[in-house]
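Note sheet for the following structure.
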């Protein structure tokens with residue numbers, strides 16, 4: 006796996022960037038290409054671009070949208086062919102390799118020269134785009150993890166939704182969280198998982214659904230709540246073989262195999278399994294631990310006023326979640342770096358991010374606009390404050406590593422086996438650490 010990563014880095018860095026042609030001129034003006042992946046954000050992107058072009062009539066923006074998988078494949082090809090978009094969405098899992106490969110334009114000097122106030126962003130998100138002391142992006146948005154639940158499912162089980170705010174878990178008996186999920190796990194005869202008559206072989210509704218490839222929407226959060234440090238520091242080694250981390254992985258596995266309160270791993274294991282929101286929308290699950298980026302999917306799958314978002318349960322050491330975010334990055338080979346910077350600076354501004362927040366498109370990277378996004382969804386009949394509370398409470402950033410692709414692959418392989426009950430948590434975490442920390 007180390008050889009594969011090294012080869013990928015070499016491919017990205019192989020061609021000189023100074024001569025790359027990635028954008029065109031229209032008369033005396035400049036055209037910049039802007040790439041992104043989420044089609045749900047197209048209306049907001051168009052509105053932001055319109056505002057920028059109105060203020061900068063000599064700069065035109067061309068939008069290029071691909072779905073997640075095609076986006077990264079295309080971007081890698083464009084880097085190698087010296088024809089990447091001038092500006093593009095960047096993800097922290099990809100950022101370290103891109104920065105090391107020198108395909109990103111550093112913007113630290115420009116930030117300083119223009120006197121940008123970077124305190125408007127959460128420090129943890131802003132710092133996520135730093136590599137070897139240089140800044141490579143301004144926060145575009147952030148995401149967090151919370152508990153999405155169907156109000157009707159809770160009411161049918163005699164559960165007051167207010168109970169969601171005070172749930173706790175522990176690795177021994179599961180705590181009030183597991184009891185909550187057992188009350189929501191119902192067999193075909195209407196018995197819940199606490200009943201002596203419960204038929205575990207014929208479940209009509211599970212208490213929850215999980216479908217994370219890396220751990221971001223499930224065990225990472227339990228790990229943080231159990232005192233686990235996923236990494237020693239950004240770009241440091243993975244530490245997930247520590248006892249408190251193994252315990253969190255085992256707790257996640259127990260939700261599948263010991264207590265049987267989550268949609269079986271045979272249906273949810275990635276990459277081929279279903280997504281958590283799909284099981285909630287279909288009625289197969291009453292809740293899901295999921296990311297704020299999935300809000301549009303829940304809105305499409307559930308009727309207005311029938312669902313809400315609460316906090317994750319607290320763990321043995323307290324609350325906690327993993328937060329993440331995107332940045333707008335500039336291609337180092339852009340023929341128009343000054344214009345690209347003006348666009349990125351605008352994308353990171355309160356003016357631009359307020360447009361997205363007021364349209365309910367995405368949680369803004371500018372902290373002061375969080376309530377705008379919450380208010381939009383409240384008008385839609387959905388309480389999404391659980392996501393906001395998660396991001397504004399105790400949190401840790403998405404792990405940054407030059408070996409992220411290796412970690413992601415081996416974690417998927419190993420933990421899929423754990424969720425199926427085919428491998429123990431300790432053995433799996435040891436294997437992941439050995440592979441992901443290899444030089």
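Numbering (this note's numbering), first residue to last: 6 to 444.
Don't be surprised by glycine CBs; every beta carbon is placed ideally from N, CA and C.
Query, Result
"Only counting runs of 3 or more residues, tell me where the beta strand (DSSP E) segments fall wholly within the stretch 62-116, in order along the chain.", "64-70 and 92-96"
"Rounded to whole angstroms, what is the Cα-Cα separation between residue 108 and residue 47?", "25 Å"
"Sorted by chain position, which residues of the same chain lie with C-beta nearer than 6 Å to residue 371's C-beta, five sequence neighbours on each side aside?", "125, 355 and 358"
"Threshold first: 3 residues or longer. Then list the beta strand (DSSP E) segments lying entirely within the stretch 237-302, N to C.", "290-296"
"Hey, residue 189 and residue 291: beta-carbon distance below 7 Å or not?", "yes"
"With H, G and I counted as helix, E and B as strand and the rest as coil, what does DSSP make of residue 320?", "strand"
"Looking only at C-alpha atoms, which of 299, 213, 274 and 206 sits nearest to residue 289?", "213"
"For the candidate residues 116, 367 and 40, whose alpha-carbon lies nearest to that of residue 90?", "40"
"At the level of alpha carbons, what is the spacing between residue 424 and residue 92?", "39 Å"
"DSSP three-state label for residue 420, please.", "helix"
"What is the residue span of the beta strand (DSSP E) that residue 177 lies within?", "That residue, residue 177, is in no beta strand (DSSP E); it is neither H nor E in DSSP."
"Is it true that the stretch 413-433 meets the stretch 105-120, where meeting means three or more beta-carbon pairs spaced less than 8 Å apart?", "no"
"Would you report the Cα separation of residue 198 and residue 266, rounded to the nearest angstrom?", "8 Å"
"Could you check the C-alpha separation between residue 411 and residue 152 for me, to the nearest Å?", "29 Å"
"Taking three-plus beta-carbon pairs below 8 Å as touching, is the stretch 386-393 in contact with the stretch 297-308?", "yes"
"Taking the alpha helix (DSSP H) that residue 145 falls in, what are its first and last residues?", "Counting along the chain, residue 145 falls outside any alpha helix (DSSP H), though it belongs to the beta strand (DSSP E) covering 143-148."
"Along the beta strand (DSSP E) that carries residue 311, what are the first and last residues, could you check?", "Looking at the DSSP string, residue 311 is not in any beta strand (DSSP E), and its letter there is neither H nor E."
"Using only CA atoms, which one of 351, 401, 399 and 77 lies nearest to residue 57?", "351"
"Compare the Cα-Cα distances from residue 144 to each of 331, 154, 431 and 340 and report the closest residue.", "331"
"Would you tell me roughly how many angstroms separate the C-alpha atoms of residue 16 and residue 77, rounded to the nearest one?", "Any answer about residue 16 is weak, because its pLDDT of 38 lies below 50 and its placement is not dependable; what the coordinates show is given next. Between residue 16 and residue 77, the C-alpha separation is close to 14 Å."
"Counting pairs of Cβ atoms below 8 Å between the stretch 147-161 and the stretch 311-322, do you hit three or more?", "yes"
"Assuming residue 221 and residue 367 are in contact, meaning their beta carbons sit under 8 Å apart, how far apart are those beta carbons, in whole angstroms?", "Between residue 367 and residue 221 the Cβ distance is about 17 Å, and since that is not below 8 Å, they are no contact."
"If you drop the 5 nearest sequence neighbours on each side, which residues of the same chain put their C-beta closer than 8 Å to that of residue 173?", "180, 181, 182, 318, 319 and 320"
"Mapping DSSP to helix, strand and coil, what is residue 122?", "coil"
"Residue 142: buried (16+ other C-beta within 10 angstroms of its C-beta) or exposed?", "buried"
"In its own chain, which residues sit with a C-beta less than 7 Å from the C-beta of residue 269, not counting the 5 before and 5 after it?", "261"
"Expressed to the nearest angstrom, what Euclidean distance is found between the alpha-carbon atoms of residue 429 and residue 176?", "15 Å"
"Considering only the alpha carbon of each residue, which of 98, 106, 112 and 52 lies closest to residue 343?", "112"
"At 4 residues or longer, and completely inside the stretch 381-431: list those alpha helix (DSSP H) runs for me, N to C.", "390-397 and 409-424"
"With DSSP collapsed to three states, give me the class of residue 53.", "helix"
"Taking C-alpha atoms, which residue in 233, 369 and 388 lies nearest to residue 322?", "233"
"With DSSP run on the structure shown, which of helix, strand or coil describes residue 373?", "helix"
"Alpha helix (DSSP H) containing residue 328: first to last residue?", "Here residue 328 belongs to no alpha helix (DSSP H); instead the beta strand (DSSP E) covers 326-335."
"Checking 7 Å against the spacing of the C-beta atoms, do residue 435 and residue 419 come in under that value?", "no"
"What number of angstroms, rounded off, separates the C-alpha of residue 169 from the C-alpha of residue 161?", "15 Å"
"Looking only at its own chain, which residues have a Cβ that is under 8 Å from the Cβ of residue 226, when we skip the five neighbours before and after it?", "150, 294, 317, 325, 326 and 327"
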